[in-house]
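**Q** Residues 1 to 233 (full-length UniProt numbering) make up the sequence shown, in order. Note that CB positions come from ideal geometry on N, CA and C, so glycine has one too.
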Amino acid sequence: MRLEPEFKPILTDDGSTTLLHPRFGVPYSSRHGALTQATELYLKLTETHRHPCPKVLEVGFGLGVNFRVTLQDAMTRGVRLEYLAYEYLPVERRVLETVPLPLTPPAEAVWQGVLEGFAARSSPWVLEGPWGRLELRLEDVSTAVFPDLWASAIYLDPFDPGVNPEPWSPGVLQRLFGAAQPGARLATYSVAGALRRGLEEAGFAVKKVDLRQSLPQARKRFWLQARVPSSRA
């Protein structure tokens, strides 16, 4: 199946593939490693890989890389996954099919179900099974309604604030805080000062994480982790 010409494929440093978005001119995932970013930043920095019943809220479903990594981890551990993702600019199924990941057969079977349903472009779209539940909402997060006190983890993964500022706005960050369970963690690749201040003002405890401690070869130095107090007002 031929790739749409406007989506340029990029081979990232860890051997996984991402795509360059034709409108924003930036890649969906880090050039330093799409699979590494999904695993080390979103899955592990939010402690989702240790959670007994993870509930993930994702801003920016994109190419489904974070979902697939999280799905495979949950299925391998035998825990139920609930995943709520927001995406304002969904790509076509044929674009998703150009970004494969090494999945176990059970996880790949779930992903094929996602691909089949993705073509309908209905919102909200829900896929459920013994593994858990995926709900995909094709909405603008600047006006979307998030569930209260629901998420054990938040994957903040829209395009760069420089080209797509709306999902990073103070109003969205405040509502993400309201959607998080006590003790929940948020992770994102951006360490912009305005973002850190916005997260702190929303109520998160924020820290920059030095990648060199766990990924000595990483070319990017910092990621951002934000935590909701265990006892929140």
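Just to confirm the assignment: which complete beta strand (DSSP E) runs, minimum length 3, are found wholly within the region 73–159?
**A** Runs of the beta strand (DSSP E) inside the region 73–159: 81–86, 125–129, 132–137, 151–156.
**Q** Can you list, in chain order, the residues of its chain with a C-beta nearer than 6 Å to that of G60? Leave out the 5 residues immediately preceding and following it.
**A** Counting from 1 along the sequence shown, the entry for residue 60 is found at position 60. Here the set comprises D157, P158.
**Q** Residues in the same chain with beta-carbon distance under 8 Å from Y189, minus the five sequence neighbours each way, listed in chain order, please.
**A** In the sequence shown, the residue the question calls residue 189 occupies position 189. Cβ within range, chain order: S30, Q37, L41, D157, K220, W223, L224.
**Q** Measuring alpha carbon to alpha carbon, tell me which of V114, E92, R94 ends up nearest L71.
**A** Residue mapping note: residue 71 aligns to position 71 of the sequence shown, counting from 1. Among V114, E92, R94, the Cα nearest to that of L71 is on V114.
**Q** Taking V172 as part of the alpha helix (DSSP H), name the residues at either end of that continuous run.
**A** As a working mapping, residue 172 is identified with position 172 in the sequence shown. Start and end: 170–179.
**Q** Quick check on A34: does DSSP put it in helix, strand or coil?
**A** Along the sequence shown, one-based indexing puts residue 34 at 34. Here A34 sits in helix by DSSP.
**Q** With L35 and D13 assumed to form a contact (beta carbons below 8 Å), what rounded beta-carbon distance in angstroms separates them?
**A** Taking the first residue of the sequence shown as position 1, residue 35 is located at position 35. Taking the first residue of the sequence shown as position 1, residue 13 is located at position 13. Wrong, their Cβ atoms sit about 10 Å apart, outside the cutoff.
**Q** Under 8 Å Cβ to Cβ from E4, same chain only, skipping five residues before and after it: list those, please.
**A** Residue numbering aside, residue 4 sits at position 4 when the sequence shown is read from its first letter. Low per-residue confidence applies at E4: pLDDT is 47, beneath 50, and the placement is therefore not dependable, though the value from the model is reported in the following sentence. Excluding positions up to five away in sequence, the list reads E92, R94, V95.
**Q** Beta-carbon of A119 versus every beta-carbon of chain B: anything under 8 Å?
**A** Reference to chain B is not applicable here, since this structure consists of a single protein chain.
**Q** What three-state label does DSSP hand A184 in the structure shown?
**A** Working through the sequence shown from its first residue, we reach residue 184 at position 184. Strand, per DSSP.
**Q** Less than 6 Å between C-beta atoms, sequence neighbours within five positions excluded: which residues of the same chain meet that for R2?
**A** Along the sequence shown, read from residue 1 onward, the residue named residue 2 stands at position 2. Only weak support exists for where R2 lies, its pLDDT of 45 falling under 50; the value from the coordinates is given anyway. Correct list: empty, nothing qualifies.
**Q** Taking the beta strand (DSSP E) that R227 falls in, what are its first and last residues?
**A** Translated into positions along the sequence shown, residue 227 becomes position 227. Start and end: 222–227.
**Q** Starting from the Cα of C53, find the closest Cα among A74, P229, G33 and give me that residue.
**A** Position 53 of the sequence shown, counted from the start, is the residue given in the question as residue 53. Answer by Cα proximity: A74.
**Q** Candidates L173, R232, P147: which alpha carbon is nearest K55's?
**A** Counting from 1 along the sequence shown, the entry for residue 55 is found at position 55. Of L173, R232, P147, the residue nearest in Cα terms is P147.
**Q** Since A202 and R227 are thought to touch, with beta carbons under 8 Å apart, how far apart are those beta carbons, to the nearest angstrom?
**A** As a working mapping, residue 202 is identified with position 202 in the sequence shown. As a working mapping, residue 227 is identified with position 227 in the sequence shown. Contact flag wrong, Cβ pair sits at about 12 Å.
**Q** Quick check on the burial criterion: 16 or more other C-beta atoms within 10 angstroms. Buried or exposed for P22?
**A** The count along the sequence shown starts at 1 and reaches residue 22 at position 22. Counting Cβ neighbours within 10 Å, P22 comes out exposed, since fewer than 16 surround it.
**Q** Thinking S152 and Q181 are a contact (beta carbons under 8 Å), I'd like their distance in whole angstroms, please.
**A** Here residue 152 corresponds to residue number 152 of the sequence shown, with the count starting at 1. Here residue 181 corresponds to residue number 181 of the sequence shown, with the count starting at 1. The pair is a contact, with the Cβ atoms about 5 Å apart (cut-off 8 Å).
**Q** With a CB to CB cut of under 6 Å and the five nearest residues on each side skipped, what residues in its chain are close to E135?
**A** Locating residue 135 in the sequence shown gives position 135, counting from the first residue. So the list reads L84, P124, V126, once near-sequence residues are dropped.
**Q** Find the nearest neighbour of W168 within the set V141, L149, L20, judged by alpha-carbon distance.
**A** Residue 168 sits at position 168 when you count from the first residue of the sequence shown. The candidate whose alpha carbon is nearest that of W168 is V141.
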